[in-house]
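A.B. asks: Chains G and C, in that order, are what the protein sequence lines are. FYI, the working numbering numbers position 2 of the first sequence as 2, with every residue one higher than the one before it. FYI, the working numbering numbers position 58 of the second sequence as 1058, with every residue one higher than the one before it.
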Amino acid sequence: MKFGILVNEGPFQHQASDTAYHFVKAALEKGHEVHRVFFYHDGVNNSNKLSEPQQDDRNIVQRWSKLAQEHGIDLVVCVAAALRRGIKDEILAPGFRISGLGQLVESGIQADRLVVFGD
Amino acid sequence: MSEVTGGVEMEEETGGTVKKFMFVNRKAPYGTIYALEALEVVLISAAFDQDVSLVFLDDGVYQLKKGQHTKAVDMKNFSPTYRALEGYDIDKLYVEKESLEQRGLTPDDLVVDVQVLSADEISKLMAEQDVVLSF
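(1) Using a Cβ-Cβ cut-off of less than 8 Å, list which residues of the stretch 88 to 111 of chain G approach chain C; keep chain order.
(2) Which residues in the same chain have their Cβ closer than 7 Å to the Cβ of L1039(C), if we skip the five residues on either side of it in sequence?
(3) Mind checking if A1084(C) is an interface residue toward chain G, Cβ cutoff 9 Å exclusive?
(4) With 7 Å as the C-beta to C-beta threshold (strictly closer), list the residues of the stretch 32 to 46 of chain G near chain B in chain order.
(5) Could you check the C-alpha separation between N59(G) and P53(G) for me, to the nearest Å?
(6) Judging by CA-CA distance, which residue of L1057(C), V1061(C), I1090(C) and K1020(C) is the nearest neighbour of V1111(C)?
(7) Could you check the C-alpha separation between E1121(C) and P94(G) for me, to the nearest Å?
(8) If we define contact as Cβ-Cβ less than 9 Å, is G86(G) a contact residue for chain C?
(9) Specify the secondary structure class of K1164(C) as computed by DSSP and reduced to three states.
(10) Suppose the cutoff is 7 Å on Cβ atoms and the five residues either side in sequence are ignored; what does the same chain contact list for Q1119(C) look like?
(11) Around the C-beta of T1070(C), are 16 or more other C-beta atoms found within 10 angstroms, so that it is buried, or is it exposed?
(12) Is the CB-CB distance between I91(G) and N48(G) below 9 Å?
(13) Nearest to F1135(C) by CA position, among T1014(C), V1018(C), A1127(C) and N1025(C), is which residue?
(14) So what's H14(G) in DSSP terms, helix, strand or just coil?
(15) Candidates F117(G), G72(G), A81(G) and D89(G): which alpha carbon is nearest R36(G)'s?
(16) Tell me which residue opens and which closes the alpha helix (DSSP H) that I1090(C) is part of.
Shown next as structure tokens:
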């Protein structure tokens, strides 16, 4: 099955990003396809490479970058949501790109299932 | 890249597929940004010629409340935008009966014409959708 993913919450503050990450990993391990993860609302903060969690904690931003690199997943950050939160190309972690909300709608059209993670 | 379609060249990317998109609005209009940013997705989806519907339930029904005065909290009153949706061919607006009643509201209190449905009816409608986006 082809999945599209929407992450609506920021890292650390909320578990949505963790759950989405584990869902994507599990789906890939089962042989499914995840063509895109779209980050919206405070979810755009998942792309901030300046994030520096404590040593003994998970590094949420790096974890997404690694997953994108290993599995060729398109990590898209909403431009409107990003700009109002100060997320710009200069601070974007590897594997993320900034684009429009059309990428989310397109993901809904192309995927068999669009799964939303958030409140 | 196209401004209107949010970075997607539609013809080649979506191949004329029409899906049923439902946007579920559950949060009060102010206090958090969910309602405002949900409306931004709805407006973009209009450019994709999809079968779009909106549902308002829980505190989300307040998004449609008439007479929103936001000056004192220094926020933009975006409720007029719901009235503009018709111009984008988005005219399927549903409000959950229970949520409306629990808050002492009637359809006359709302800025747009809506169809009031029970929770049961909305859940049936939800089951018919291809994509459900909840904000």
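Note that beta-carbon positions come from the ideal geometry of N, C-alpha and C, so glycine has one too.
C.D. replies: Quick look at the numbers:
(1) S99, G100, L101, G102, Q103, L104, V105, E106, G108, I109 and Q110
(2) F1078 and T1081
(3) no
(4) No chain B is part of this structure, whose protein chains are labelled G and C.
(5) 6 Å
(6) That would be V1061(C), whose Cα lies nearest to the Cα of V1111(C).
(7) 45 Å
(8) Under the Cβ criterion of 9 Å, G86(G) is not counted among the residues facing chain C.
(9) Missing from the structure shown is residue 1164(C); chain C here goes from 1001 to 1135 and no further.
(10) Residue identity check: residue 1119(C) is Ala in the sequence provided, not Gln. Correct list, in chain order: E1096 and E1098.
(11) exposed
(12) yes
(13) Of the candidates T1014(C), V1018(C), A1127(C) and N1025(C), N1025(C) places its Cα closest to the Cα of F1135(C).
(14) coil
(15) G72(G)
(16) Note, I1090(C): premise wrong, no alpha helix (DSSP H); not H, not E.
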